[in-house]
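Read the structure below first, then the notes.
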Amino acid sequence: MRIAALSIPALAGRRSLTFLLVLLTFGFALTYLAFDRIRPSWLVLFPDPIAATNGSSVSDLPSLDTDVSIDSPLPNAPKILLVSAFFPLSKSKHTMSDYSYWLSRFLGPIKSDIYFFVPPDMEQIVLDARGTLPITINTSYTSPFDIPPLQGLEEKYEEMHKIDREKHRHSPELYAVWAGKPFFLDEGLRNAQAAGKKYEYAFWNDAGSFRADHRFAEWPSVARVDAVWREGAKLNGAPEDDLIFFPTWEPPVASMKHWTEGMGPVDNEFSEGSFFGGRPGAITWWRRLYYAYHDSYLAQDVFVGKDQTLINALFLLHPSRIITVWLADPHAPNYSLTSKVSSWWDDGEGPLGRCGATWFYYQWWLAGDEEREAMREMWGGKRWWWWGSQKDEERCRDTRVLGMTRLLRRVFGEGWNPPPTSISVD
């Protein structure tokens with residue numbers, strides 16, 4: 184009995200030791216695979232399914248050339264115009280002091296030319312925030328319902344609010360602010376050009392999108408934007424003049440592969456409408472396309488209050504015109520499972536390291552090298568692996584530009600093609 188009694192804990196001990204060794208081995212393997220800098224190129228955690236069908240487990244989507252400095256503009260570099268607007272809402276979850284602070288974070292440090300729409304009684308706040316930097320202020324409209332595409336739609340928007348599943352958070356005024364962005368971008372660019380300015384690119388930027396201190400100034404970087412457009416044209420097989428850039432939050436759900444335009448806007452957290460733009464011709468095309476579908480759906484009493492859902496639908500209809508960046512792209516070379524796993528105790532870190540607020544990753548991504556490095560230093564790093572510092576792994580990392588067609592085919596399958604369209608604005 185004594186021998187049997189003694190053999191039981193010995194066996195249990197051996198099993199416990201074996202289990203512990205297996206667990207440690209698995210942990211070391213996972214850690215090894217998660218670090219992109221030490222993982223072999225042939226071993227990826229999330230292979231691109233399209234690349235795999237071509238005989239390669241590694242994504243063949245190209246990335247930008249990060250070995251070339253993008254701080255100094257090239258000779259005869261294109262100029263960039265930023266367009267924005269601020270129309271205070273009668274009911275808002277944010278205070279005027281919030282908006283004033285965010286305006287100062289955008290208008291104070293950013294040196295790019297800015298064209299800004301604002302009601303007459305808010306003009307001085309914008310001027311004070313901008314200081315001596317270049318800005319054109321347009322006070323022609325007291326409300327977004329005054330702009331041509333939205334005139335007379337107050338009643339329609341009130342009716343639309345009744346069927347909004349998020350009516351507790353939204354208002355008809357907010358719908359109008361969102362819906363006005365394509366008009367404001369195109370109109371601001373046209374007015375600036377009519378005044379003798381020449382711009383190769385223009386972008387809409389939400390007035391409240393810079394919500395914390397930052398080191399951006401020469402933003403977005405002219406050379407960086409130019410590189411994105413060159414690469415995007417190759418990916419999409421489209422002229423650079425035709426491309427529109429939007430950031431991606433996450434791709435649509437797989438069932439959207441069956442979507443058609445008759446089904447209405449796509450209610451997924453897909454596009455980010457806080458920043459978008461391109462070259463003048465593409466901006467005008469986007470304005471026409473957006474309001475053509477906006478008006479068509481609205482006439483059928485289909486909900487178009489949330490601009491994101493309409494933008495999503497236009498992505499599915501015209502993916503070859505869209506280029507994007509996706510922070511959480513699991514097929515990207517710099518994606519790190521370790522950073523993603525660790526984010527539960529440090530919400531300043533995501534799949535590309537410490538990059539600030541994840542929604543606004545595109546701000547860092549479109550910046551020049553010096554400003555990127557300054558932001559890395561600002562966001563900092565930490566030591567948490569016992570064998571030494573992994574600060575380089577946690578610092579914000581670059582990722583590549585994506586063509587929308589390719590991104591959607593990852594989700595929907597290689598055989599997916601855009602559904603037929605009944606509206607043409609070309």
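If you read the sequence shown in this note's numbering, its first letter stands for residue 184, the second for the next number, and so on.
Just so you know, even glycine gets a beta-carbon here, dropped at the ideal spot from N, CA and C.
Helix, strand or coil at A234 according to DSSP, with G and I counted as helix: Residue confidence for A234 is low, a pLDDT of 39 falling below 50, so the modelled location carries little weight; the figure read from the coordinates is stated next. In this structure, DSSP gives A234 a helical state, which the three-state scheme calls helix.
According to DSSP, residues forming a beta bridge with S454: Beta-bridge pairing links S454 to T431.
Range of the contiguous alpha helix (DSSP H) that encloses D490: Its alpha helix (DSSP H) spans residues D490 to L500.
Sufficient close CB pairs (3 or more, under 8 Å) joining the segment 468–477 to the segment 363–370: Judged by Cβ distances under 8 Å, the segment 468–477 makes contact with the segment 363–370, as three or more pairs qualify.
Supposed contact pair F399 and I506 - C-beta distance, whole angstroms, cut 8 Å: The Cβ separation is near 21 Å, so there is no contact.
Meets three-Cβ-pair contact criterion under 8 Å: the segment 284–295 and the segment 391–411: They touch, by the three-pair rule.
CB contact flag (Y298, A377, <7 Å): Not closer than 7 Å, so no.
I263 classed as buried or exposed, judged by whether at least 16 other C-beta atoms fall within 10 angstroms: Around the C-beta of I263, 16 or more other C-beta atoms lie within 10 Å, and the residue is accordingly described as buried.
With 16 other Cβ atoms within 10 Å as the buried cut-off, status of H351: So H351 ends up on the exposed side.
Beta bridge counterpart(s) of A385 as assigned by DSSP: A385 has L264 and G461 as its beta-bridge partners, per DSSP.
Between the CA atoms of G586 and V411 - distance to the nearest angstrom: Cα to Cα, the separation comes out at about 11 Å.
Inter-residue spacing [alpha-carbon to alpha-carbon] between L590 and I330: Distance between the alpha carbons of L590 and I330 is about 34 Å.
With 16 other Cβ atoms within 10 Å as the buried cut-off, status of S454: Buried is the label assigned to S454, since at least 16 other Cβ atoms lie within 10 Å of its Cβ.
Distance, Q334 Cα to A359 Cα: Whole-angstrom Cα-Cα distance: 10 Å.
Of the listed residues D347, P603, V584 and Q483, nearest to W509 (C-alpha basis): For W509, the closest alpha carbon among the candidates D347, P603, V584 and Q483 is that of V584.
Span separating the alpha-carbon of P317 from that of L535: Looking at the two C-alpha atoms, the distance is approximately 34 Å.
C-beta contact flag for L286 and A268 at 7 Å: No, Cβ-Cβ distance for L286 and A268 is not below 7 Å.
Rounded Cβ spacing between K489 and W361 (contact assumed at less than 8 Å): With 8 Å as the limit, K489 and W361 qualify as a contact, their Cβ atoms being about 7 Å apart.
Close Cβ partners of I466 (< 7 Å) along its chain, the five nearest in sequence each way excluded: Once the five neighbours on either side are set aside, the close Cβ partners of I466 are L368, D369, L372, A385 and G460.
Close Cβ partners of E554 (< 6 Å) along its chain, the five nearest in sequence each way excluded: Contacts found: R398 and F399.
Whole-Å CB distance - P448 paired with Y480, under 8 Å assumed: Yes, they are in contact, since the Cβ atoms of P448 and Y480 sit about 7 Å apart, within 8 Å.
Burial state of V346, where buried means 16 or more other Cβ atoms lie within 10 Å: The question names Val, but residue 346 in the sequence shown is Ile. By the neighbour-count rule (16 or more Cβ atoms within 10 Å), I346 is not buried but exposed.
Opposing strand residues paired with G536 [DSSP bridges]: Answer by DSSP bridge pairing, in chain order: G533.
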